[in-house]
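**Q** Following my numbering, the numbering of the sequence shown begins with 355 at its first residue and continues without gaps. Beta carbons are placed, not taken as given, at the ideal position from N, Cα and C, and that holds for glycine. Okay, handing you the structure first.
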Amino acid sequence: MQHNGLPHGMVERRSEPRKTVDQYYSVEFFIEGLEVPYQFRIWNMASKSMCVLVKEGSHILSLLKVGDKLNMKYYLGDSMAGAEYRPTAIRHITKDDNGRFKGHYLVGLEILAGEEETDKEKLKN
Numbered sequence: 355m356q357h358n359g360l361p362h363g364m365v366e367r368r369s370e371p372r373k374t375v376d377q378y379y380s381v382e383f384f385i386e387g388l389e390v391p392y393q394f395r396i397w398n399m400a401s402k403s404m405c406v407l408v409k410e411g412s413h414i415l416s417l418l419k420v421g422d423k424l425n426m427k428y429y430l431g432d433s434m435a436g437a438e439y440r441p442t443a444i445r446h447i448t449k450d451d452n453g454r455f456k457g458h459y460l461v462g463l464e465i466l467a468g469e470e471e472t473d474k475e476k477l478k479n
């Protein structure tokens, strides 16, 4: 008997294995009303936590709010692997006054499991 790690009676429905957040290198997204996308390197700050660094005073800070959902394009660390769009929520926006990233804000991201990409009408593009 093969054990797949799922509770009894549940069936795996994904066609591809789930990627962990540490497989992503950078993220890109558009904000409505802007002509060019923003692209940021992803920082994995703690277990299962990822964020992007935004310089204090950057225009993008005034456009992002905690709870916003955006359809973000994640680039995989392996350049040959390409990129994929994932629905993502902004979980926190925290100023770093004293630490390694002084003068920047940490914008926490959470990839939303269970939301399909077809629900784009709910997501800011």
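Keeping to the same chain, check which residues put their C-beta closer than 7 Å to that of Val461; ignore five residues upstream and five downstream.
**A** Mapped onto the sequence shown, residue 461 falls at position 107. Same-chain partners within the cutoff: Cys405, Val406, Val408, Leu418, Ile444, Ile447.
**Q** In three-state terms, what does DSSP make of Leu415?
**A** Along the sequence shown, one-based indexing puts residue 415 at 61. Looking at Leu415 - three-state DSSP - the assignment turns out to be helix.
**Q** Under a Cβ-count criterion, where at least 16 other Cβ atoms within 10 Å of its own Cβ denotes burial, should Asp473 be classed as buried or exposed?
**A** Taking the sequence shown and counting its residues from 1, one reaches residue 473 at position 119. Confidence in Asp473 is poor, its pLDDT being 41 and thus under 50, which makes the residue's placement too unreliable to answer from.
**Q** Shortest alpha-carbon distance to Gly421 belongs to which of Phe384, Thr442, Tyr459?
**A** Start at 1 with the first residue of the sequence shown, and residue 421 comes out as number 67. Ranking the options by Cα distance to Gly421, first place goes to Thr442.
**Q** Excluding the 5 residues flanking Ile414 on each side, which residues of the same chain have their C-beta closer than 8 Å to its C-beta?
**A** In the sequence shown, residue 414 corresponds to position 60, counting from 1. Contacts found: Ile385, Tyr392, Val408.
**Q** Do you know offhand how far Arg440's Cα is from Ala467's?
**A** Numbered from 1 along the sequence shown, position 86 holds the residue referred to as residue 440. Numbered from 1 along the sequence shown, position 113 holds the residue referred to as residue 467. So the two alpha carbons sit approximately 9 Å from each other.
**Q** Bridge partners for Glu382 per DSSP, in chain order?
**A** Here residue 382 refers to the residue found at position 28 of the sequence shown. For Glu382, which the question treats as bridged, DSSP gives the partners Gln393, Lys427.
**Q** Let me know the secondary structure DSSP gives Gly462 once reduced to three states.
**A** Position 108 of the sequence shown holds residue 462. Three-state DSSP puts Gly462 in a strand.
**Q** Rounded to whole angstroms, what's the CA-CA distance from Lys373 to Glu389? Just pull it up for me.
**A** As a working mapping, residue 373 is identified with position 19 in the sequence shown. As a working mapping, residue 389 is identified with position 35 in the sequence shown. Residue confidence for Lys373 is low, a pLDDT of 47 falling below 50, so the modelled location carries little weight; the figure read from the coordinates is stated next. The straight-line gap from Cα to Cα measures roughly 30 Å.
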